[in-house]
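> Here you go, one structure.
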Amino acid sequence: MDEIASTSTSKRIRTANYSLEEKNVLLQLVQKYKNIIENKKTDASSNAEKESIWRKIYAEFNSVAPNNIERDVTSLKKAYLNMKKTVRKEIAEERLSILKTGGGPPELKKKHPKLIEVFFSTISTYKLCIYSNLSSICSSRSKTVSICK
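Take a look at the structure:
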């Protein structure tokens, strides 16, 4: 009984924030396995495959970790999801800025072009073209050429 009480009251040990190098390493590893990680299927076999890929990413990340800080699988997943959320939020703000009335040019911020490239498969092409004006990527998809140029 004492063991249960002590484990439920123990605080989570806080790790250091992800450095820019760690984020870049994580993005490179996610890019390598993007087709599996971003697969929308949620059946048992797909989820098992995703978990095995995240364990591979965990092993590879910690073998080349720039700051020698070991990160666990849940921390890596959370960091990736947070980066993805940040990109979505920035794209939404960018779109709002473009569609806003009042005159003058829209405020365009290009903070994370590498993140946008990684998340290209999960972000609709129209939003991506407006946000980053990546006409080379957009021209490869015939539907979006007119939107991007």
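Under full-length UniProt numbering, think of the first position of the sequence shown as 1, with each following residue one higher. We treat Cβ as the ideally placed atom computed from N, Cα and C, and that holds for glycine.
Comparing C-alpha positions only, which one of Y33, E70, Q31 and I36 sits nearest to V13?
Within the sequence shown, the letter at position 13 stands for residue 13. One point to set straight first is that residue 13 is Ile, not Val, in the sequence displayed. The shortest Cα separation from I13 among Y33, E70, Q31 and I36 belongs to E70.
> Buried or exposed: where does A44 fall if 16 or more other Cβ atoms within 10 Å of its Cβ makes it buried?
Along the sequence shown, one-based indexing puts residue 44 at 44. A44 is exposed by the Cβ-count criterion.
> Could you spell out the range, first to last residue, of the alpha helix (DSSP H) harbouring Y58?
Against the sequence shown, residue 58 aligns to sequence position 58. Where Y58 is concerned, the enclosing alpha helix (DSSP H) stretches over A44 to S63.
> Name the two residues that bound the continuous alpha helix (DSSP H) containing Y80.
Reading the sequence shown from its first residue, position 80 is the one you call residue 80. First-last of the alpha helix (DSSP H) with Y80: V73 to L99.
> Going by C-alpha distance, which of N68, T74 and K85 is nearest S19?
Counting from one through the sequence shown, the residue named residue 19 turns up at place 19. Answer by Cα proximity: N68.
> Using beta-carbon positions only, say whether F61 and L27 come within less than 8 Å of one another.
By one-based count along the sequence shown, residue 61 stands at place 61. By one-based count along the sequence shown, residue 27 stands at place 27. No. Outside cutoff.
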